């Protein structure tokens, strides 16, 4: 057991040394990293495993349609943006990105949706108590979703996918391979473990801040604002009760905790409690992306039914519930590295941070709060500091 632990740490050291040296972290500290054997890197059993893991993530197709993990999760952003899609289309119209669920019809024909929104057609099974009003026999529905960014998430977030449907990275890797790559060869358990382990290595962190949190337990702190705009934007993220104009602490209602991806207890509307991970901010309700709308009929525990009209009810398709944290609710994303992970929201309807703020202005207006143009500029200025 001791030899195995040393082997794992040695393999981890090989993977981490270049990044730590570049970041100025003491190189000798790498040998002391042992607390994260249970966090994903325990799958590295020897120094060659890192190279195998990289090959599996970046090049392995499992005999499928040519897609790899890297096809949809770029090195720069951890996702794929419309600008990326357009560059790839100009370079190669047969790029695997545009096959299958990356095409307009889900069968490999048409590229407009990918070029404009970079969304995939994702088939989600319907819970037993949910049916489609116009097709009661259907047991699944196809929705349009962007690829969740792999920056920071794999190593630091136990909630995976926009709707939280995957319990861990191994399950997520298997699901992605079968759902998107049209594989003809079953990945081995060891392959999936190495793909999971690879996503804990330095290139999957947005900054030294998140890297140190993952491997040394150094809890991230809100960045210090310097300009007048950043100072004004900073107050929205203070973990404080809402008072006065309700702007101090407003964003912290849902972006609290070390990764800025959990609710706090200060929101004035129920049922918020510290640690919530799924909320709606009106993206499906307002449907700026113009995605097809379905009528979902939920049968409640008491036998009554509730019809939800939505292009994508999110978490509700996992829980089968129509409660506040399910209907049209999606995972609260971490804000660390947010300036690098465009586009935003589950449907990629915001292509920039400025468009994110426009959505929040619409959402808060429904709640009776005004997010001015200056507020929006200040928020963007401060969020760019969250590296």
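In this note's numbering, the protein residues as written are 5 to 391. In this text, a Cβ means the ideal position worked out from N, Cα and C, and glycines have one as well. Keep in mind the model is a prediction, meaning the values are calculated, not measured.
- If you draw a 10 Å sphere on the C-beta of residue 374, you find fewer than 16 other C-beta atoms in it, and that means exposed.
- In the structure shown, the three-state DSSP call for residue 324 is coil.
- When the Cα atoms are used, residue 201 and residue 74 turn out to be separated by approximately 15 Å.
- Nearest to residue 63 by C-alpha distance, out of 77, 50 and 323, is 77.
- For residue 129, the uninterrupted beta strand (DSSP E) run begins and ends at 124-129, by DSSP.
- Below 8 Å, enough C-beta pairs join the stretch 146-165 and the stretch 339-359 to call them touching: three or more.
- Taken in chain order, the complete beta strand (DSSP E) segments of 3 or more residues contained in the stretch 285-337 are 298-303 and 309-314.
- Looking from the CA of residue 216, the closest CA among 248, 193 and 263 belongs to 263.
- Counted as a single uninterrupted DSSP element, the stretch harbouring residue 343 is not any alpha helix (DSSP H), since DSSP gives it neither H nor E.
- With 16 or more other Cβ atoms inside 10 Å of its own Cβ, residue 259 counts as buried.
- The alpha-carbon of residue 242 is positioned some 43 Å away from that of residue 93.
- The beta carbon of residue 151 sits closer than 6 Å to those of 76, 83 and 84, all from its chain and outside the five residues before and after it, given in chain order.
- With 16 or more other Cβ atoms from the protein chains shown falling within 10 Å of its own Cβ, residue 118 counts as buried.
- Nearest Cα to residue 238 within the set 169, 298 and 389: 389.
- DSSP places residue 266 within a strand segment (E or B) once states are collapsed to three.
- Judged by DSSP secondary structure, residue 370 falls within the alpha helix (DSSP H) whose first and last residues are 357-370.
- In the DSSP assignment, residue 174 falls within the alpha helix (DSSP H) that extends over 173-184.
- By the Cβ neighbour-count rule, residue 288 is buried, with 16 or more other Cβ atoms within 10 Å of its own.
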